[in-house]
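Structure first, commentary second.
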Amino acid sequence: MSLRTPLVFNILAECGTTKARASKMILPHREIDTPVFMPVGTQGTLKGLLTEQLDNLGLQIMLANTYHLGIKPGVEVLKKAGGLHKFMNWNGALLTDSGGFQMVSLLKLAEITEQGVKFGSLNENKSEIVLTPEHSIEIQNAIGADIIMQLDDVVKTTSLDYIRIEEAMYRTTRWLDRCLQAHKRSNDQNIFPIVQGTLNRELRTTSAKAHMDRDVRGFAIGGLSGGESKDDFWKMVHLSTDILPKDKPRYLMGVGFAVDLVVCSALGVDMYDCVFPTRTARFGCALVMKGQLNLKQKVYKTDLNPIDKDCDCSTCKTYTRAYLHHIATIHTISCHLLTVHNVAFQLRLMKNIHESIKENKFVKFVENFMANLHPDKDYPSWVVDALETVGIELK
Amino acid sequence: MTVYKGTIAEFVGMKECISCLTVQDPADYTLPGHHIQDCIPLWTRHGKVMINAKSYMTLVDLFKPDMYYLLSDGDTNIASPAKRIKKAVQNTIKYHNECVDIHKNLNGVKNSFVMGAIAGGYDLNARKQCIEGVCQKDFVGGYLIDGLHNNGPEVELLQIGEISPVVEFVVNHIEPTKLRSIHGCWNPVVVLKLVQLGIDLFDTSYCYIVTERSCALTFVTDIDDKEEMFELNLRQPHFAEDFTPILTGCTCLTCSKYSRAYIHHLVTVQELLGPVLLTIHNVHHYMTFFNNIRKCIGNGTLNLLEEKVTKQFCTSENVVDSEKDVLLTDGHTESTELIENDTYRNNENSSVPISS
Numbered sequence: 001m002s003l004r005t006p007l008v009f010n011i012l013a014e015c016g017t018t019k020a021r022a023s024k025m026i027l028p029h030r031e032i033d034t035p036v037f038m039p040v041g042t043q044g045t046l047k048g049l050l051t052e053q054l055d056n057l058g059l060q061i062m063l064a065n066t067y068h069l070g071i072k073p074g075v076e077v078l079k080k081a082g083g084l085h086k087f088m089n090w091n092g093a094l095l096t097d098s099g100g101f102q103m104v105s106l107l108k109l110a111e112i113t114e115q116g117v118k119f120g121s122l123n124e125n126k127s128e129i130v131l132t133p134e135h136s137i138e139i140q141n142a143i144g145a146d147i148i149m150q151l152d153d154v155v156k157t158t159s160l161d162y163i164r165i166e167e168a169m170y171r172t173t174r175w176l177d178r179c180l181q182a183h184k185r186s187n188d189q190n191i192f193p194i195v196q197g198t199l200n201r202e203l204r205t206t207s208a209k210a211h212m213d214r215d216v217r218g219f220a221i222g223g224l225s226g227g228e229s230k231d232d233f234w235k236m237v238h239l240s241t242d243i244l245p246k247d248k249p250r251y252l253m254g255v256g257f258a259v260d261l262v263v264c265s266a267l268g269v270d271m272y273d274c275v276f277p278t279r280t281a282r283f284g285c286a287l288v289m290k291g292q293l294n295l296k297q298k299v300y301k302t303d304l305n306p307i308d309k310d311c312d313c314s315t316c317k318t319y320t321r322a323y324l325h326h327i328a329t330i331h332t333i334s335c336h337l338l339t340v341h342n343v344a345f346q347l348r349l350m351k352n353i354h355e356s357i358k359e360n361k362f363v364k365f366v367e368n369f370m371a372n373l374h375p376d377k378d379y380p381s382w383v384v385d386a387l388e389t390v391g392i393e394l395k
Numbered sequence: 001m002t003v004y005k006g007t008i009a010e011f012v013g014m015k016e017c018i019s020c021l022t023v024q025d026p027a028d029y030t031l032p033g034h035h036i037q038d039c040i041p042l043w044t045r046h047g048k049v050m051i052n053a054k055s056y057m058t059l060v061d062l063f064k065p066d067m068y069y070l071l072s073d074g075d076t077n078i079a080s081p082a083k084r085i086k087k088a089v090q091n092t093i094k095y096h097n098e099c100v101d102i103h104k105n106l107n108g109v110k111n112s113f114v115m116g117a118i119a120g121g122y123d124l125n126a127r128k129q130c131i132e133g134v135c136q137k138d139f140v141g142g143y144l145i146d147g148l149h150n151n152g153p154e155v156e157l158l159q160i161g162e163i164s165p166v167v168e169f170v171v172n173h174i175e176p177t178k179l180r181s182i183h184g185c186w187n188p189v190v191v192l193k194l195v196q197l198g199i200d201l202f203d204t205s206y207c208y209i210v211t212e213r214s215c216a217l218t219f220v221t222d223i224d225d226k227e228e229m230f231e232l233n234l235r236q237p238h239f240a241e242d243f244t245p246i247l248t249g250c251t252c253l254t255c256s257k258y259s260r261a262y263i264h265h266l267v268t269v270q271e272l273l274g275p276v277l278l279t280i281h282n283v284h285h286y287m288t289f290f291n292n293i294r295k296c297i298g299n300g301t302l303n304l305l306e307e308k309v310t311k312q313f314c315t316s317e318n319v320v321d322s323e324k325d326v327l328l329t330d331g332h333t334e335s336t337e338l339i340e341n342d343t344y345r346n347n348e349n350s351s352v353p354i355s356s
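Protein sequence lines correspond, in order, to chains B and P. Under full-length UniProt numbering, the residue at position 124 of the first sequence is numbered 124, and the numbers go up by one with no gaps. Under full-length UniProt numbering, the residue at position 293 of the second sequence is numbered 293, and the numbers go up by one with no gaps.
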């Protein structure tokens, strides 16, 4: 265990116009350039890729899921393995969620009380489990990720039940204190609190301020990207980054579309995660700066170009769209090849964002990105509004 | 491939490898029957495609493989009736001569190494007839002993005693300077016996079949190797806390970086990386096996290796389920389907995205 603090956040450059910043976040396992996108390796593996491939892609940090890892391989095996890094042979940084999100995704099976979340069994082989803040932290301590998340009380973002939203917001803060209390590895693991309050400005403000009173090294913005309108979404991000302290990283959970990453970076977000790039790969889709290509479509049958001639991933260097069309969603190798490309795409986008902020060219970068995506300049109104708030006028 | 000007090896991203085009996939069960005049059926994901000498050679010309087999009718097995065997031989001789004639006029395969096929099931007279029909012209560089089985996992259960009369007969009746090949996922014990009978070329379908059942190859590949299990089934619960590599001393990427416990985790939660790591080890192990076979032939110790592998196979409990139908009888269709369904289910589950 190192004696220095397990998270150092150095802001290298701030955009002169927007709230964007380029930073270096120093974690126990790796230094991270932010803004950063973290691909999701739910069960201790990133969808078929070897960790050697992840290193070659330049991946610095990935996410793993506490709920899944707590069931299999389980705390005992993880402890005996010496943590998830050793178990999965990954020397980069890791972040684990708390299992709280599965409250929403598996809601029919979950029952929430002040004590914690009770999940019904997923099948007859698995017994029901109760996830308390203490238990979540125990699993996350066994996993040993560089950044771990508090257990939060998650309400569906589109819920209109004020009483329930308010209850969840305050309970999230009570659970934060229990998580901090239960945390046994504060020397080499960082707990991030999660700002809740769905789409309610007052509740979200209260939540952020309460969490800022705690001794933590970074903050997550939760409860968004759950089916709400984009107009509601960006306003809540904007509000949250206005309140949260500038000198600590801000992690926006569940966001991964290229447009969202560009806009939210302009709003001052530093970290993102989403299953989208790896999930869409399994459906035969490849990400490009203009959107995505569905390689199952017939037009690619005789297309001898790579997915993206500007991409230097191994898939684009080796394979044609015609070959990928031939195997898309049929052979597992296609999932593998498209995952490599899609992860490379996300990393390249984030690198461009990071570099352009450092070179004081971020505004130009955003304008070019949007113009490339919408050659007819028919920009979505939420993008125009959000960027206007931080001083970028799309013409 | 009509618009693509390169070779099949380049198209699939393996241009540094020698490519060899086979008519059927040795790893997949080939459905018997469905022949029509002058055509054999290929079972693709778009269903049945009938192929004749002309359409086959058009494909070969487009693929430009380094080596390829002339079209043959290999749809026979140990239970085939005389009528089917006779037809297979007639077809194979006919396709052979047609393909040879077409080959001479093609550009894409001018430099390819060409191999013929000897059909005829388990009937030595039929084999003789086929050899006489295809070996008159000194055109091909080697021969495939075809028609021993219908490919797929069942091949592993065939015993050397069942196939050796045919193999010996064919080897003795074709020119000794020609390359001899046999396809299919033979058990390593049978591979060694086939090598002793004079077979030169095999394929890696065995590695695929073993990976599909979540197993790792650990059989001895060298006369100095310590005897372990013949293979490990990584699904077994006792591997959950086993942090050693699949095979101590193995230099493959999987064994140098990943543990049995991790692979056990991956295969039990049906993650794609499980078969990826198993494939890396199994192919590496199989390649090591063949390296050592060549070494043993060189220094005259092949018999020792064969004895050692056979002994290990016979004493190991962890080998293929002996309850399964040993021969290609009526049971085979069902068991192949089971394996296919299982593969499908794995893919299905590993693509269920649950996370935040």
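Where a beta carbon is used, it is the ideal one built from N, C-alpha and C, also for glycine.
Mind reading off the beta-carbon distance from residue i to residue j? Whole number of angstroms is fine, and I expect it under 8 Å.
i: alanine 286 of chain B; j: histidine 326 of chain B; result: So it is not a contact: roughly 14 Å between Cβ atoms.
i: leucine 70 of chain P; j: valine 109 of chain P; result: The pair is not a contact, with the Cβ atoms about 11 Å apart (cut-off 8 Å).
i: glycine 218 of chain B; j: threonine 198 of chain B; result: With 8 Å as the limit, glycine 218 of chain B and threonine 198 of chain B do not qualify as a contact, their Cβ atoms being about 21 Å apart.
i: leucine 41 of chain P; j: histidine 34 of chain P; result: As written in the sequence, residue 41 of chain P is proline, which differs from the leucine given in the question. Between histidine 34 of chain P and proline 41 of chain P the Cβ distance is about 4 Å, and since that is below 8 Å, they are a contact.
i: leucine 27 of chain B; j: isoleucine 147 of chain B; result: 7 Å
i: leucine 59 of chain P; j: threonine 2 of chain P; result: About 10 Å separates the two Cβ atoms, so there is no contact after all.
i: isoleucine 78 of chain P; j: glutamate 168 of chain P; result: So it is not a contact: roughly 16 Å between Cβ atoms.
i: alanine 261 of chain P; j: aspartate 242 of chain P; result: 5 Å
Which residues in chain P have a C-beta closer than 7 Å to the C-beta of residue i? List them in chain order.
i: methionine 88 of chain B; result: Tyr262
i: glutamine 43 of chain B; result: Val269, Glu271
i: alanine 81 of chain B; result: Phe243, Ala261
Pull up the distance between the alpha-carbon of residue i and that of residue j, whole angstroms please.
i: leucine 373 of chain B; j: glycine 291 of chain B; result: 7 Å
i: aspartate 325 of chain P; j: glutamine 159 of chain P; result: Because aspartate 325 of chain P carries a pLDDT of 36, less than 50, the predicted location of this residue cannot be relied on, and the following value inherits that uncertainty. Cα-Cα distance, rounded: 12 Å.
i: arginine 171 of chain B; j: asparagine 200 of chain B; result: 16 Å
i: threonine 329 of chain P; j: valine 155 of chain P; result: Unreliable placement is indicated for threonine 329 of chain P, whose pLDDT of 35 sits below 50; the coordinate value is still reported in the next sentence. Approximately 12 Å, taken between the alpha carbons.
i: threonine 206 of chain B; j: cysteine 264 of chain B; result: 21 Å
i: glutamate 334 of chain P; j: asparagine 150 of chain P; result: Its pLDDT being 33, under 50, glutamate 334 of chain P is placed unreliably in this model, and the coordinates cannot settle the point.
i: serine 98 of chain B; j: asparagine 56 of chain B; result: 29 Å
i: histidine 68 of chain B; j: leucine 78 of chain B; result: 12 Å
i: glycine 74 of chain B; j: asparagine 65 of chain B; result: 12 Å
i: proline 6 of chain B; j: glycine 120 of chain B; result: 36 Å
i: lysine 137 of chain P; j: leucine 157 of chain P; result: 36 Å
i: lysine 246 of chain B; j: glycine 268 of chain B; result: 9 Å
i: leucine 302 of chain P; j: glutamine 196 of chain P; result: 8 Å
i: isoleucine 61 of chain B; j: arginine 30 of chain B; result: 8 Å
i: histidine 173 of chain P; j: isoleucine 131 of chain P; result: 7 Å
i: glycine 391 of chain B; j: aspartate 33 of chain B; result: 24 Å
i: proline 193 of chain B; j: threonine 315 of chain B; result: 38 Å
i: leucine 247 of chain P; j: glutamine 150 of chain B; result: 40 Å
i: asparagine 52 of chain P; j: phenylalanine 290 of chain P; result: 35 Å
i: threonine 96 of chain B; j: glutamine 43 of chain B; result: 11 Å
i: asparagine 111 of chain P; j: aspartate 66 of chain P; result: 7 Å
Taking C-beta pairs closer than 7 Å, name the residues in chain B that residue i reaches, listed in chain order.
i: tyrosine 258 of chain P; result: Asn89
i: arginine 45 of chain P; result: Ile330
Regarding residue i and the ligand PLP, is the C-beta to nearest heavy atom distance less than 8 Å?
i: cysteine 252 of chain P; result: The ligand content of the structure shown is nil, which means the ligand PLP is not present either.
Which chain B residues sit within Cβ distance under 8 Å of residue i?
i: valine 276 of chain P; result: Gly48, Leu50, His336
Could you work out which residues of chain B lie near residue i, taking near to mean beta carbons separated by less than 9 Å?
i: tyrosine 4 of chain P; result: Thr302, Leu304, Thr320, Ala322, Tyr323
i: valine 11 of chain P; result: Strictly speaking, residue 11 of chain P in this sequence is phenylalanine, with valine absent from that position. What phenylalanine 11 of chain P touches in chain B: Tyr319, Thr320, Ala322, Tyr323, His326.
Starting from residue i, find everything on chain P with Cβ-Cβ shorter than 8 Å and list it in chain order.
i: valine 77 of chain B; result: Ala240, Glu241, Ala261, His265
i: lysine 72 of chain B; result: His265, Thr268, Val269
Segment contact, 8 Å Cβ cut-off, at least three pairs: the segment 268–279 of chain P with the segment 182–195 of chain P: Fewer than three Cβ pairs drawn from the segment 268–279 of chain P and the segment 182–195 of chain P lie within less than 8 Å of each other, which leaves the two stretches out of contact.
Can at least three beta-carbon pairs, one atom from the segment 150–165 of chain B and one from the segment 218–231 of chain B, be found at a separation below 8 Å? Contact between the segment 150–165 of chain B and the segment 218–231 of chain B is present: 3 or more CB-CB pairs across the two stretches fall below 8 Å.
Check whether the segment 161–171 of chain B touches the segment 131–145 of chain B, taking contact to mean three or more Cβ pairs, one atom from each stretch, closer than 8 Å. Counting Cβ pairs under 8 Å, fewer than three are found: no touch.
Scan the segment 49–86 of chain P and note each continuous beta strand (DSSP E) run of 3 residues or more that stays entirely inside, going in chain order. Taken in chain order, the whole beta strand (DSSP E) runs of length 3 or more contained in the segment 49–86 of chain P are 67–69.
Which whole runs of the beta strand (DSSP E) in the segment 125–157 of chain P are 3 residues long or more, in chain order? As far as the segment 125–157 of chain P is concerned, its whole beta strand (DSSP E) runs of at least 3 residues are 142–145.
Counting beta carbon pairs with one atom in the segment 301–318 of chain B and one in the segment 237–254 of chain B, are three or more of them shorter than 8 Å? Touching, no.
So, does the segment 208–226 of chain P touch the segment 278–291 of chain P, judging by three or more C-beta pairs under 8 Å? Cβ pair count under 8 Å is three or more, so yes.
With a threshold of 8 Å, are at least 3 pairs of Cβ atoms found where one atom belongs to the segment 30–47 of chain B and the other to the segment 226–240 of chain P? Because the criterion of three Cβ pairs below 8 Å is not met, the segment 30–47 of chain B and the segment 226–240 of chain P do not touch.
Does the segment 277–284 of chain B come within contact of the segment 327–347 of chain B, defined as at least 3 CB pairs closer than 8 Å? Output reads yes: the segment 327–347 of chain B touches the segment 277–284 of chain B.
What ranges does the alpha helix (DSSP H) occupy inside the segment 291–326 of chain B, keeping only unbroken runs of at least 4 residues that lie completely in it? You should have 314–318.
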